[in-house]
Each structure stands twice: as C-alpha cells, then as structure tokens.
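Under my numbering, the first residue of the sequence shown is numbered -12, with each subsequent residue one higher.
No residue lacks a Cβ here, since even glycine has one placed at the ideal position from N, Cα and C.
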Amino acid sequence: MKNTNNSSYMIFITSSSEAAHLISRGLREATPWSIQGGQTLSTSSGCVHQDCRIPSLYHGSDRFFAMIEYRNGKDWNHPEYEIVLC
C-alpha cells in the first residue's frame, strides 16, 4: 500500500456491519491514537468493497470496516498502519 499523504490508519475488518458501526462510534469518542501532538483526522465505517486504503486480500461486499485516520506526532513524518481482524 502506498500512503502518499502520510496519514496514519487503524482499520478494523469484520463480517458484521453492526460491529463495524459500533467500533467506528467508539473510535469517534476515543482520544487520538497517536503519540505526542497527534490528532484524529477522521473516522468512518462501511463496506470494504475496493477501498484503496485496505489491502485487496480483504476486498469484497461481505466484509465491513471501521477506520480512524490520524496524524502521528507533531509532524506527518511517522505514519503508522494497522489492521485488526475481528
């Protein structure tokens, strides 16, 4: 995966749309998933389909995701990427 904007991502993948929605709500209420000076940029959930931020191995209409995009630290030079299967 090529991350050209240096955003960091934590992505939860599940087979339940309800679980993805609840995880997304929790992420929205959480403090930033980052080290000093970081900030949450966005949270979202939905059907994986062919989202370019998610590896094609997980693409398909039978999988759902919850995602938080954040800035890691005071600058954009330390991007992180994590996938959690649940």
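Rounded to whole angstroms, the separation of the alpha carbons of L44 and R50 is 11 Å. DSSP, read as helix, strand or coil, puts A7 in helix.
G13 carries a helical assignment under DSSP once its states are collapsed to helix, strand and coil.
In the three-state DSSP reduction, S31 falls in the strand class (E or B). S(-6) sits in coil when the DSSP states are folded into three classes, being neither helix nor strand. Going by C-alpha positions, R58 is about 14 Å away from A17.
The Cβ atoms of I(-2) and I41 lie closer than 8 Å to each other. DSSP places S48 in the strand class (E or B) of the three-state scheme. For the set E5, G47, E69, the Cα lying nearest the Cα of Q37 is the one of G47.
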